[in-house]
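J.: Before we start, here is the structure in question, set down as structure tokens.
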Amino acid sequence: MTAAAPPPVPLAERAATLHRLGWTGREAEWLALVCLHSGVFTRRQYAARYGLSKQTASRFAIALLEAGIAREEPIPDRRCPETLCHLYRRRLYRTLGIENNRHRRSGTAELVMRRLLSLDYVLDHHDLGWLPTEPEKVAYFRSLGVPGAALPRREYRGPFSKRTTRRYFAFKLPVAGNGDTTTFVYTEPGGRQRLQRERIRAWAEAHGALWQALRDRGSAVRVAAVTRTSADAAANAAVLETWRGAPAPAAPLSSADRQLLDAVERADSTGDLSPLDPYGGPIQAAKAARQIQDRAKAARQSCGLIDGYSTHVAERLAPDPLAL
109 MTAAAPPPVP LAERAATLHR LGWTGREAEW LALVCLHSGV FTRRQYAARY
159 GLSKQTASRF AIALLEAGIA REEPIPDRRC PETLCHLYRR RLYRTLGIEN
209 NRHRRSGTAE LVMRRLLSLD YVLDHHDLGW LPTEPEKVAY FRSLGVPGAA
259 LPRREYRGPF SKRTTRRYFA FKLPVAGNGD TTTFVYTEPG GRQRLQRERI
309 RAWAEAHGAL WQALRDRGSA VRVAAVTRTS ADAAANAAVL ETWRGAPAPA
359 APLSSADRQL LDAVERADST GDLSPLDPYG GPIQAAKAAR QIQDRAKAAR
409 QSCGLIDGYS THVAERLAPD PLAL
């Protein structure tokens with residue numbers, strides 16, 4: 109039985125904050141949705157969400173451009189003649205309470221395509237409990253008893269400072285959960301199949317500890333792989349099938365092992381290294397914790413990573429082979 113997870117903030121509540129900027133109704137809702145999940149969108153995606161005509165979607169895009177909160181850019185694939193709108197104005201994100209969200213920034217061709225694919229999946233599965241921001245994701249998993257050390261994270265250092273900033277879920281891909289089941293969305297922008305396999309495996313490796321922690325606590329893990337073609341979907345499905353299986357039995361830990369892991373977790377989350385003194389300091393404690401984790405990992409080798417998966421072909425973003 110899993111713990112009660114905090115409910116996600118309703119989209120309507122987020123959209124209401126944009127009324128002060130003059131955006132209301134479906135326009136405010138759409139802006140909130142895009143800012144939270146991608147920062148970019150196409151006219152086809154907007155029209156599909158609300159059942160609008162191409163002309164109505166174009167008028168909305170033009171209004172955003174004239175208001176100076178969006179810029180128009182080509183989709184990073186010459187086989188897609190359509191353009192995209194990038195919502196970049198800081199004031200828009202600040203009003204939503206996500207001023208430092210990286211969706212405001214331009215990205216590589218691969219990153220932009222991932223963002224578009226993320227939004228496409230959310231549009232077709234809007235009833236899931238999406239956790240669009242980093243604090244919401246962290247709060248959700250901590251409410252389920254997942255230790256901070258199991259969350260995927262990266263350390264960033266500024267060019268003019270020795271201080272580091274820790275970011276969780278740096279992939280910024282959609283995650284939805286209700287406590288009993290958590291869905292992780294993976295987006296594949298395309299390319300050589302070998303590169304695709306390397307990318308999805310690197311993503312899984314970054315989430316492996318989190319998935320194991322969830323399954324240890326009785327919460328199911330599902331993966332939704334989003335692609336632009338059926339061939340890419342089939343390639344992802346072949347990889348995902350090898351990950352599916354029964355969860356590993358809980359690895360028994362001695363009280364000493366648990367105390368050590370708890371001490372490392374406290375030191376990691378607070379920055380106070382004094383709890384590690386009885387274990388020979390941070391270096392020795394880290395080595396001992398790694399040995400415990402490696403033993404648990406070895407016991408899980410023959411078990412599955414996830415409970416289930418699905419594939420989704422984003423037809424609105426599919427490349428046109430006749431465009432070359």
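Take the position in the sequence shown, starting the count at 1, then add 108; the result is the number in this note's numbering. Built from N, CA and C at the ideal position, the CB exists for glycine as well.
Whose CA, out of G237, A339 and R330, lies closest to the CA of R300?
T.: R300 has its Cα closest to that of A339, out of G237, A339 and R330.
J.: For R157, is the classification buried or exposed, using 16 other Cβ atoms within 10 angstroms of its Cβ as the cut-off for buried?
T.: R157 is buried by the Cβ-count criterion.
J.: Enumerate, from N- to C-terminal direction, the unbroken alpha helix (DSSP H) stretches of 4 or more residues contained entirely within the region 160-214.
T.: Runs found: 162-175 and 198-203.
J.: Quick test of your reading: A328 and D376, contact by CB under 8 angstroms. State the CB separation rounded to the nearest angstrom.
T.: 27 angstroms between Cβ atoms; not a contact.
J.: Taking only the alpha-carbon atoms, compute the straight-line gap between R80 and Q153 and give it to the nearest angstrom.
T.: For the chain, the structure presents residues 109 to 432; residue 80 sits outside this window and is missing.
J.: For L239 and T419, what's the separation of their Cα atoms in angstroms?
T.: Those two C-alpha atoms are separated by around 20 angstroms.
J.: Do R261 and Y276 come within 8 angstroms of each other at the CB atom, strictly closer than that value?
T.: Taking 8 angstroms as the Cβ cut-off, Y276 and R261 qualify as a contacting pair.
J.: What alpha helix (DSSP H) runs, 4 residues minimum, are completely inside the region 333-397?
T.: Whole alpha helix (DSSP H) segments, 4+ residues: 338-351 and 363-378.
J.: According to DSSP, is T125 helix, strand or coil?
T.: It is helical.
J.: Based on the DSSP secondary-structure assignment, which residues constitute the bridge partners of H420?
T.: Answer by DSSP bridge pairing, in chain order: V334.
J.: Ignore the nearest five residues each way along the sequence and tell me which others in R274's own chain have a CB closer than 7 angstroms to its CB.
T.: Here the set comprises R261 and E263.
J.: Just curious, the beta strand (DSSP E) that R274 is in, first and last residue?
T.: Per DSSP, R274 belongs to the beta strand (DSSP E) from T272 to Y276.
J.: W131 and L141: beta carbons closer than 8 angstroms?
T.: Cβ distance not < 8 angstroms, so W131 and L141 don't count as in contact.
J.: First and last residue of the beta strand (DSSP E) that includes E306?
T.: Premise fails: E306 lies in the alpha helix (DSSP H), Q301 to D324, not in any beta strand (DSSP E).
J.: Where do the N-terminal and C-terminal ends of the alpha helix (DSSP H) with A140 fall, by residue?
T.: Its alpha helix (DSSP H) spans residues G133 to H145.
J.: Is the distance from the Cβ of L172 to the Cβ of A178 below 8 angstroms?
T.: Contact flag set, yes.
J.: Do you know how far the Cα of A341 is from the Cα of S410?
T.: The pLDDT assigned to S410 is 47, lower than 50, so where the model puts this residue is not dependable, and the model offers no usable value.
J.: From the DSSP output, in three-state form, read off E296 for me.
T.: Three-state result, E296: coil.
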